[in-house]
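Every position in the sequence shown, counted from 1, becomes a number in the numbering used here once 5 is added.
Ideal placement from N, C-alpha and C gives every residue a C-beta, glycine not left out.
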Amino acid sequence: MSNDPQNETWWREYLLRGHTLEGPARFLFPRLPSSPRCKVCYAPFGGIGGALLRPFGWEPSRKNPRLCARCCERLPAGGIEMDIAVFFADVRGYTSIAEKIPPTQLAQTMKRFYDTAIDTVIAFDGLVDKLLGDAVMALFVPGIAGAEYRAKSMRAAERLMRDIARVCDPPLPIGIGISAGLAYVGNLGSDQVVDLTAIGDTVNVASRLQAGASAGEILIVEELAPLAQELFGALETRTVLLKGKEQPVVARVLRPK
6 MSNDPQNETW WREYLLRGHT LEGPARFLFP RLPSSPRCKV CYAPFGGIGG ALLRPFGWEP
66 SRKNPRLCAR CCERLPAGGI EMDIAVFFAD VRGYTSIAEK IPPTQLAQTM KRFYDTAIDT
126 VIAFDGLVDK LLGDAVMALF VPGIAGAEYR AKSMRAAERL MRDIARVCDP PLPIGIGISA
186 GLAYVGNLGS DQVVDLTAIG DTVNVASRLQ AGASAGEILI VEELAPLAQE LFGALETRTV
246 LLKGKEQPVV ARVLRPK
């Protein structure tokens, strides 16, 4: 996928280093009152500064309210190949659950799941990529999550599993898959509709690992095993046959208590 060189430079600054502003705005925004601010461009959300900039798109983003919409949703065309971490969290047995409870109760249950997942992703500086029916996809990139973006993806998944058990009674059964590696990240879509997202084998593996995780399990791609063991201690090793993959994939299994 080809890019305009100027746009590619912009995307590298944004996704790898966390900068989007050029010229006077880079010096002006940090000086405008007041907090909270966009984590990337420092545009104020509060005070008179927030009131002045909000009509021009510097307002909290729906993907992560710690970022402004202009740094997360109103982006130039293009993107880059880069290392990311990604997770998918999915409600196990959703169809069975939907058969057993009234639609209104199902909607309330799924809202608790979405709210908890979104809050957790945001707390660890991730981007809520998509809500996929009974699943959530989240991205972690260095320009936003910092150098520890891989660790944050796993810590967010572990926190989500714990928090779901706390806020849902009875606990909602979820499984999570996490992968890390090269992906294409950028604005993808048509001329009319575009979205900041990621595509590539790394994303597919995370999705397939999620599909293979039992309720209460987080399946972590083997590439993350050394870091996962630093964070959580010794983990079970499992060989998983993933749909669409010719060779089995080795994963580590985390079961938060």
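Rounded Cβ spacing between residue i and residue j (contact assumed at less than 8 Å)
{"i": "V210", "j": "V226", "result": "6 Å"}
{"i": "A152", "j": "G180", "result": "The Cβ separation is near 28 Å, so there is no contact."}
{"i": "W16", "j": "G62", "result": "In fact, because the Cβ distance is near 18 Å, the residues do not count as touching under 8 Å."}
{"i": "T121", "j": "V172", "result": "6 Å"}
{"i": "G217", "j": "L236", "result": "Contact doesn't hold; Cβ gap of about 21 Å is too wide."}
{"i": "Y189", "j": "E86", "result": "5 Å"}
Residue i, buried or exposed, once every other Cβ within 10 Å from all chains shown has been counted against 16
{"i": "L177", "result": "buried"}
{"i": "S7", "result": "Unreliable placement is indicated for S7, whose pLDDT of 49 sits below 50; the coordinate value is still reported in the next sentence. Burial call: exposed."}
{"i": "S40", "result": "exposed"}
{"i": "P49", "result": "buried"}
{"i": "M159", "result": "buried"}
{"i": "S101", "result": "exposed"}
{"i": "G52", "result": "exposed"}
{"i": "E222", "result": "buried"}
{"i": "G194", "result": "exposed"}
{"i": "T242", "result": "exposed"}
{"i": "D139", "result": "buried"}
{"i": "I89", "result": "buried"}
{"i": "T202", "result": "buried"}
{"i": "L33", "result": "exposed"}
{"i": "D174", "result": "exposed"}
Contact test: residue i Cβ vs the ligand GDP heavy atom, cutoff 8 Å
{"i": "E18", "result": "Questions concerning the ligand GDP fall outside what the structure shown contains, since it holds no ligand whatsoever."}
Residue range of the unbroken beta strand (DSSP E) whose run includes residue i
{"i": "L136", "result": "L132 to L136"}
{"i": "Y189", "result": "I179 to G194"}
{"i": "R75", "result": "Run containing R75: none in the beta strand (DSSP E); it sits in the alpha helix (DSSP H), A74 to C77."}
{"i": "E86", "result": "G83 to V96"}
{"i": "A128", "result": "Premise fails: A128 lies in the alpha helix (DSSP H), P108 to A128, not in any beta strand (DSSP E)."}
{"i": "D200", "result": "V199 to I204"}
Chain C within 9 Å of residue i, Cβ atoms only
{"i": "L136", "result": "Of the chains in the structure shown, none is chain C; there is only one protein chain."}
Under 9 Å between C-beta atoms of residue i and residue j
{"i": "G186", "j": "L20", "result": "no"}
{"i": "L137", "j": "F92", "result": "no"}
{"i": "A162", "j": "L240", "result": "no"}
{"i": "K68", "j": "D130", "result": "no"}
{"i": "Q215", "j": "G182", "result": "yes"}
{"i": "V245", "j": "A256", "result": "yes"}
{"i": "L80", "j": "G191", "result": "yes"}
{"i": "L72", "j": "G54", "result": "no"}
{"i": "D206", "j": "V141", "result": "no"}
Residue range of the alpha helix (DSSP H) that includes residue i
{"i": "V254", "result": "Taken as a continuous stretch (DSSP letters only), V254 belongs to no alpha helix (DSSP H), being part of the beta strand (DSSP E) at V254 to L259."}
{"i": "A150", "result": "P147 to A150"}
{"i": "R155", "result": "Y154 to V172"}
Exercise. Does the stretch 158-174 touch the stretch 121-135, meaning 3 or more C-beta pairs lie closer than 8 Å?
Worked result: yes
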